[in-house]
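Engineer: Counting from 1 along the sequence shown, just add 737 to a position and that's the residue number in the working numbering.
Don't be surprised by glycine CBs; every beta carbon is placed ideally from N, CA and C.
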Amino acid sequence: IVNNVIFLNAFEWRFEFPEVLSDDGTYLGFDAIIGNPPYIKEYEGKEIFDGLRDNEVYQGKMDIWYMFTTDGIKLLKENGTLNFIAPNNWTTNSGASKMRNFMLQNSRFLKLIDFGSYMVFDSASIQTMIMQFEKVKSDNYTFDYKKIVSKKPNFEDALGILNNNVGDSIEVLKPKILIENFLDKGFNFNSNLFETILEKINNVSNFKFDEKLEVAQGIVFPQDFINKSSREKLKNLY
């Protein structure tokens with residue numbers, strides 16, 4: 738343990754937070770965890786993931802904050818709450834699929850507040866979301882989902898969504914969570930009307946894409962070219 742790189746510069750939280758232990762030293766858990774975890778993808782700092790690649794939610798294209806979220810749930814008492822502000826793309830990012838499954842199966846979604854394209858942090862050009870989860874296994878429930886949908890959001894929109902204002906720039910939904918409908922899939926939360934329409938389309942569909950095959954990213958302007966490796970792969974497909 739002393740020589741493990743993941744404990745470098747770590748602090749002993751059992752001494753810092755004795756309230757989470759019983760009198761005999763048994764771990765009880767936190768009532769609430771609040772934080773703004775670090776956002777670092779593996780290609781930005783591979784050494785940060787050293788010692789963490791056996792984590793149950795580790796996968797390619799992931800962000801280190803996914804582990805903070807799942808470990809946060811583990812450190813809570815039953816019915817404790819996890820409250821984070823972090824990037825909003827975890828709901829559909831392919832590298833967050835294991836994290837999404839973990840949260841579905843080990844927590845209850847209470848609230849998601851998506852700031853859309855409004856940049857909360859001056860120092861980071863990242864779209865963020867406030868999220869709140871409860872440590873309880875639950876299925877077939879609804880939760881609060883709000884999102885700024887304005888193409889040019891401003892500070893007033895950010896205040897409005899926090900103060901539960903409803904308007905043209907803010908979308909308010911009550912998505913229904915059924916684990917079987919979201920497991921191994923991206924989260925696309927729609928209004929009840931859209932859900933009804935999509936369900937009808939799904940019931941009469943005669944063709945479906947293989948959900949295991951995903952286009953993570955197409956050609957990015959101005960990089961409108963392919964390399965030799967990609968060209969060889971295309972030859973094998975067509």
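Find the nearest neighbour of T763 within the set S887, K798, K814, judged by alpha-carbon distance.
Structural biologist: K814
Engineer: Using C-beta distances below 7 Å, list every residue in its chain close to M804, excluding the 5 sequence neighbours before and after it, in chain order.
Structural biologist: Cβ neighbours of M804 beyond the five flanking positions: L789, N792, V794.
Engineer: Give the DSSP-derived three-state secondary structure of I738 in the structure shown.
Structural biologist: Assignment of I738 by DSSP, reduced to helix, strand and coil, places it in the coil class.
Engineer: Distance, Cα to Cα, K727 vs F786?
Structural biologist: Only positions 738 to 975 of the chain appear in this structure, which leaves residue 727 out of reach.
Engineer: Can you tell me which of the three DSSP states I898 falls into?
Structural biologist: helix
Engineer: Could you name the residues of the same chain whose beta carbon sits closer than 6 Å to that of M868, not counting the 5 residues immediately before and after it, in chain order?
Structural biologist: Cβ neighbours of M868 beyond the five flanking positions: F821, L849.
Engineer: Spell out the partners DSSP gives Q869 in its beta bridges.
Structural biologist: Paired residue(s): N820, K848.
Engineer: For V886 versus R845, is the C-beta spacing smaller than 7 Å?
Structural biologist: no
Engineer: Along the chain, where does the alpha helix (DSSP H) that runs through G1020 open and close?
Structural biologist: Only positions 738 to 975 of the chain appear in this structure, which leaves residue 1020 out of reach.
Engineer: Residues in the same chain with beta-carbon distance under 8 Å from P728, minus the five sequence neighbours each way, listed in chain order, please.
Structural biologist: Absent from the model: residue 728. The displayed extent of the chain is 738 to 975, so no value can be given.
Engineer: Closest to A784 by CA distance: which of I743, A747, G797 is it?
Structural biologist: Inspection of the sequence shows that residue 784 is occupied by Glu rather than by Ala. Nearest option by C-alpha distance: I743.
Engineer: At which residues does the alpha helix (DSSP H) containing L920 begin and terminate?
Structural biologist: That residue, L920, is in no alpha helix (DSSP H); it is neither H nor E in DSSP.
Engineer: Could you give the uninterrupted runs of the beta strand (DSSP E) lying entirely in the stretch 742–783, keeping only those of 3 residues or more?
Structural biologist: 767–772
Engineer: When we look at the beta-carbon of G782 and count the other beta-carbons within 10 Å, is it buried (16 or more) or exposed?
Structural biologist: With fewer than 16 other CB atoms across the displayed protein chains lying within 10 angstroms of its CB, G782 is exposed.
Engineer: On the premise that Q864 lies in contact with P824, defined as a C-beta separation below 8 Å, what is that separation, rounded to the nearest angstrom?
Structural biologist: 6 Å
Engineer: Are N838 and L899 close, meaning C-beta to C-beta below 7 Å?
Structural biologist: no
Engineer: How many Å lie between K972 and A833 at the Cα?
Structural biologist: Per the coordinates, the alpha-carbon of K972 lies some 30 Å from the alpha-carbon of A833.
Engineer: Answer with buried or exposed for W827, where buried requires no fewer than 16 other C-beta atoms within 10 angstroms of its C-beta.
Structural biologist: buried
Engineer: Just the Cα atoms here: how many angstroms apart are E924 and R751?
Structural biologist: Going by the sequence as given, residue 924 is Phe instead of Glu. Taking the straight line from one Cα to the other gives about 36 Å.
Engineer: Within this structure, are the beta carbons of K883 and V909 separated by less than 7 Å?
Structural biologist: yes
Engineer: Hey, D881 and Y855 are a contact pair by Cβ (cut 8 Å); roughly how many whole angstroms apart?
Structural biologist: Not really, about 18 Å apart at Cβ, beyond 8 Å.
Engineer: Using DSSP with H/G/I as helix, E/B as strand and the rest coil, what is L910?
Structural biologist: strand
Engineer: In whole angstroms, what separates the C-alpha of Q796 from that of F870?
Structural biologist: Answer to the nearest angstrom: the Cα atoms are 22 Å apart.
Engineer: So what's I863 in DSSP terms, helix, strand or just coil?
Structural biologist: I863 sits in coil when the DSSP states are folded into three classes, being neither helix nor strand.
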